[in-house]
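**Q** One structure is given below, represented as structure tokens, and several questions about it will come after.
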Amino acid sequence: MNKPENVTLAGGKLQVPAFPIIPFIAGDGIGPEIWLAAKKVFDQAVTRVYGNSRKVIWQELLAGEVAFKETGHWLPEKTINSLKQHLVAIKGPLTTPIGQGHRSLNVALRQELDLFACVRPVAYFPGVPSPVKFPEKVAMTVFRENTEDIYAGIDFAAGTTGATELLELLTQQHQLAKVRFPKSSAFAIKPVSKEGSIRLVKAAIQYAIDYHLPRVTLVHKGNIMKQTEGSFKKWGYQAAAFFGNQVFTSEEFAKIKLKKGLAAANEAQTEAIKEKKIFVNDLIADNFFQQSLLHPEKFSVIATLNLNGDYISDALAAQVGGIGISPGANINYQSRQAIFEATHGTAPEFAGKNKLNPTSLILSGVMMFEYLGWQPVADLIRSVVKQALFKQHVTIDFARQLPTAVELSTSDFADYLVTLMQ
Ligand code: NAD
Numbered sequence: 056m057n058k059p060e061n062v063t064l065a066g067g068k069l070q071v072p073a074f075p076i077i078p079f080i081a082g083d084g085i086g087p088e089i090w091l092a093a094k095k096v097f098d099q100a101v102t103r104v105y106g107n108s109r110k111v112i113w114q115e116l117l118a119g120e121v122a123f124k125e126t127g128h129w130l131p132e133k134t135i136n137s138l139k140q141h142l143v144a145i146k147g148p149l150t151t152p153i154g155q156g157h158r159s160l161n162v163a164l165r166q167e168l169d170l171f172a173c174v175r176p177v178a179y180f181p182g183v184p185s186p187v188k189f190p191e192k193v194a195m196t197v198f199r200e201n202t203e204d205i206y207a208g209i210d211f212a213a214g215t216t217g218a219t220e221l222l223e224l225l226t227q228q229h230q231l232a233k234v235r236f237p238k239s240s241a242f243a244i245k246p247v248s249k250e251g252s253i254r255l256v257k258a259a260i261q262y263a264i265d266y267h268l269p270r271v272t273l274v275h276k277g278n279i280m281k282q283t284e285g286s287f288k289k290w291g292y293q294a295a296a297f298f299g300n301q302v303f304t305s306e307e308f309a310k311i312k313l314k315k316g317l318a319a320a321n322e323a324q325t326e327a328i329k330e331k332k333i334f335v336n337d338l339i340a341d342n343f344f345q346q347s348l349l350h351p352e353k354f355s356v357i358a359t360l361n362l363n364g365d366y367i368s369d370a371l372a373a374q375v376g377g378i379g380i381s382p383g384a385n386i387n388y389q390s391r392q393a394i395f396e397a398t399h400g401t402a403p404e405f406a407g408k409n410k411l412n413p414t415s416l417i418l419s420g421v422m423m424f425e426y427l428g429w430q431p432v433a434d435l436i437r438s439v440v441k442q443a444l445f446k447q448h449v450t451i452d453f454a455r456q457l458p459t460a461v462e463l464s465t466s467d468f469a470d471y472l473v474t475l476m477q
């Protein structure tokens with residue numbers, strides 16, 4: 056029976072029918088053209104692997120400029136409800152509305168659906184132009200906390216009632232002297248909770264276990280922002296404790312070193328590596344930026360707060376060829392709600408030109424098929440992307456850096472991937 060059905064949840068596990076209904080948001084700017092390219096690749100890969108026995112039933116949802124024109128809302132209630140109902144969805148980039156009271160639609164979606172982990176795997180594909188000497192050493196997955204931090208949107212413009220009341224509170228708390236120019240200061244609040252931190256770090260460690268990755272690094276600015284970022288680090292190690300002897304932490308290392316000396320601590324760590332335990336350590340964010348350029352091979356999974364994660368994801372992506380090929384997903388590992396998405400923006404100056412790279416969305420689809428348990432489909436798509444990039448059949452963003460490349464349009468790149476599947 057070829058009946059379209061919803062993806063559901065039973066016993067904490069996704070139940071994926073043979074003909075799952077998957078909502079998509081094509082997006083704004085270059086969104087529709089990269090979506091068409093990606094969809095072609097997805098459908099062909101499913102057919103190559105499963106013949107007629109499985110097929111994704113795509114269901115379009117409105118968001119962004121199209122939604123605003125048709126309904127007067129940037130993010131209609133109907134779209135949110137449908138995303139909730141279908142659990143797994145994929146989207147192109149959305150314009151951030153300009154003007155008072157409009158947050159980024161992506162931030163709104165992440166908060167509305169409580170998609171607490173922004174997951175960004177960063178890996179190098181041979182042949183891709185890179186600004187660093189050894190891009191093949193970069194293989195990291197960033198787990199960025201998605202719902203808290205300075206991104207929560209609790210902002211007070213200078214001179215408003217909110218800012219004035221906050222100044223009164225700071226006066227009562229004897230903190231006013233720390234505000235250099237009180238009257239003209241704008242403020243933002245940075246909430247970081249124990250639950251939010253622990254669920255994010257747990258998801259990162261579980262990911263390392265599932266994908267047999269050796270290390271999880273908590274990246275923070277706890278040396279300066281002690282109560283927020285410092286607590287993230289503390290709660291991160293508490294999250295590690297949930298995994299018992301599946302992990303070995305730098306805190307354990309330090310304790311052994313203090314009691315029995317460095318040699319004993321090194322020995323314990325070597326033993327832990329032999330037993331395939333995950334090593335959990337932490338690093339101050341500025342040091343991480345330096346180390347990730349100098350010694351990227353030292354890192355595998357990164358767990359970090361929202362703002363750090365935003366910077367880190369794009370900086371790492373730049374090392375392996377840029378945001379045009381970096382995939383991403385926003386996931387709640389408890390409810391299993393997930394939205395897979397291109398990590399770049401709408402690139403409005405290229406809209407309708409059929410020129411830019413659809414690989415970010417295509418590789419986000421690879422993540423989605425892995426999440427759905429359709430691993431052979433994910434493997435097939437990843438392998439043809441790898442071949443195309445190696446053969447330098449690429450879109451303009453790479454072609455202009457590679458003198459011998461064959462430059463393809465967005466749609467021709469998709470057709471080329473389909474040809475490679477034959
Ligand atoms: P952008 O990512 O849209 O574009 C910046 C530059 O990156 C482009 O000029 C282009 O050179 C390059 N680029 C982007 N996508 C590419 C692709 N697929 N292939 C090759 N090169 C690519 O960033 P922006 O111009 O700062 O933002 C434009 C709009 O997109 C804004 O409204 C912004 O808020 C929004 N935005 C949305 C998302 C999202 O939906 N996830 C993310 C970032 C920005």
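Heads up: the sequence shown runs through residues 56 to 477, numbered per the working numbering. Note that beta-carbon positions come from the ideal geometry of N, C-alpha and C, so glycine has one too.
For Thr414, name the three-state secondary structure that DSSP assigns.
**A** It is helical.
**Q** In whole angstroms, what separates the C-alpha of Val449 from that of Lys133?
**A** Val449 and Lys133: Cα-Cα distance of roughly 37 Å.
**Q** Any residue with its Cβ nearer than 5 Å to a heavy atom of the ligand NAD should be included. What is that list in chain order?
**A** Working through the chain, the matches are Pro148, Leu149, Thr150, Thr151, Asn161, Gly379, His399, Gly400, Thr401, Ala402, Leu411, Asn412 and Asp452.
**Q** List the residues that DSSP assigns as beta-bridge partners of Ile25.
**A** Residue numbering for the chain in the displayed model covers 56 to 477; residue 25 lies beyond these limits and cannot be assessed.
**Q** Return the CA-CA distance between Leu221 and Thr414, expressed in angstroms with no decimal places.
**A** Taking the straight line joining both Cα atoms gives about 45 Å.
**Q** Just how far apart, CA to CA, sit Ala469 and Ile264?
**A** Whole-angstrom Cα-Cα distance: 33 Å.
**Q** Here's a check: name, in chain order, each residue in its chain whose Cβ is nearer than 7 Å to the Cβ of Pro255, leaving out the five neighbours to either side.
**A** Per the sequence shown, residue 255 should be read as Leu rather than Pro. Same-chain partners within the cutoff: Phe171, Ala172, Phe198, Glu200 and Ala358.
**Q** Let me confirm a value: Thr226 is counted as buried when at least 16 other C-beta atoms fall within 10 Å, else exposed. Which label applies?
**A** Exposed, since its Cβ has fewer than 16 Cβ neighbours within 10 Å.
**Q** With DSSP collapsed to three states, give me the class of Met195.
**A** Of the three classes helix, strand and coil, the one that applies to Met195 here is strand, per DSSP.
**Q** DSSP three-state call for Asp467: helix, strand or coil?
**A** Note: Asp467 maps to helix in three-state DSSP.
**Q** When you compare the CB positions of Ser355 and Met195, do they come within less than 8 Å of one another, or not?
**A** For Ser355 and Met195, yes; Cβs fall inside 8 Å.
**Q** Hey, would you say Gly251 sits closer than 8 Å to Thr202, going by beta carbons?
**A** For Gly251 and Thr202, yes; Cβs fall inside 8 Å.
**Q** Counting only the same chain and skipping the five closest in sequence on each side, list residues whose C-beta sits under 8 Å from that of Glu425.
**A** The residues are Ala433.
**Q** Over the uninterrupted beta strand (DSSP E) stretch that includes Ala65, give me the two end residues.
**A** Taken as a continuous stretch (DSSP letters only), the beta strand (DSSP E) holding Ala65 covers Thr63 to Ala65.
**Q** Hey, could you find the ends of the alpha helix (DSSP H) Pro87 is sitting in?
**A** Note, Pro87: alpha helix (DSSP H), Gly86 to Tyr105.
**Q** The beta strand (DSSP E) spanning Leu69 covers which residue range?
**A** Segment Lys68 to Gln70, the beta strand (DSSP E) holding Leu69.
**Q** Between which two residues does the alpha helix (DSSP H) harbouring His141 extend?
**A** Residues Glu132 to His141.
**Q** Fully enclosed by the segment 251-309, which beta strand (DSSP E) runs are 3 residues long or longer?
**A** Runs of the beta strand (DSSP E) inside the segment 251-309: 270-275 and 302-304.
**Q** Report the three-state DSSP secondary structure of Thr398 (helix, strand or coil).
**A** Here Thr398 sits in coil by DSSP.
**Q** Beta-carbon separation of Ile85 and Leu411 under 8 Å?
**A** The answer is yes: Cβ separation under 8 Å.
**Q** With distance defined between alpha-carbon atoms, name the residue in Leu64, Ile153 and Glu167 nearest to Ile135.
**A** The shortest Cα separation from Ile135 among Leu64, Ile153 and Glu167 belongs to Glu167.
**Q** Tell me the residue span of the beta strand (DSSP E) that contains Asn385.
**A** That run of the beta strand (DSSP E) goes Pro382 to Ile386.
**Q** Output the distance between the C-alpha atoms of Glu396 and Lys281, rounded to the nearest integer angstrom.
**A** Their backbone Cα atoms lie some 33 Å apart in a straight line.
**Q** Give the DSSP bridge partners of Ile45, in chain order.
**A** Outside the displayed range of the chain (56 to 477) lies residue 45, so it cannot be described from this structure.
**Q** Output the distance between the C-alpha atoms of Tyr262 and Asp337, rounded to the nearest integer angstrom.
**A** Between Tyr262 and Asp337, the C-alpha separation is close to 17 Å.
**Q** Got a sec, what are the start and stop residues for the alpha helix (DSSP H) Thr219 sits in?
**A** Start and end: Thr216 to Gln227.
**Q** Quick check: what's the CA-CA separation for Ser148 versus Leu313?
**A** Checking the sequence shown, residue 148 turns out to be Pro, not Ser. Roughly 50 Å separates the two Cα atoms.
**Q** Buried or exposed, going by whether 16 or more other CB atoms sit within 10 Å of the CB of Ile153?
**A** Under this definition Ile153 is an exposed residue.
**Q** Could you tell me which residues DSSP pairs with Gln114 in its beta bridges?
**A** Gln114 is bridged to Pro78.
**Q** What did DSSP end up calling Arg165 once you bin it into helix, strand or coil?
**A** Helix, per DSSP.
**Q** My understanding is that Val183 touches Gly376, with C-beta atoms under 8 Å, so please give their C-beta distance in whole angstroms.
**A** That belief holds up - the Cβ atoms of Val183 and Gly376 are roughly 4 Å apart, short of 8 Å.
**Q** Any chance the segment 115-128 sits against the segment 440-458, with 3 or more Cβ pairs inside 8 Å?
**A** No: fewer than three Cβ pairs fall under 8 Å.
**Q** Taking just the CA atoms, how far does Pro431 sit from Leu164?
**A** In a straight line, the C-alpha of Leu164 is about 30 Å away from that of Pro431.
**Q** Which stretch, first to last residue, makes up the alpha helix (DSSP H) that contains Arg437?
**A** Residues Gln430 to Phe445.
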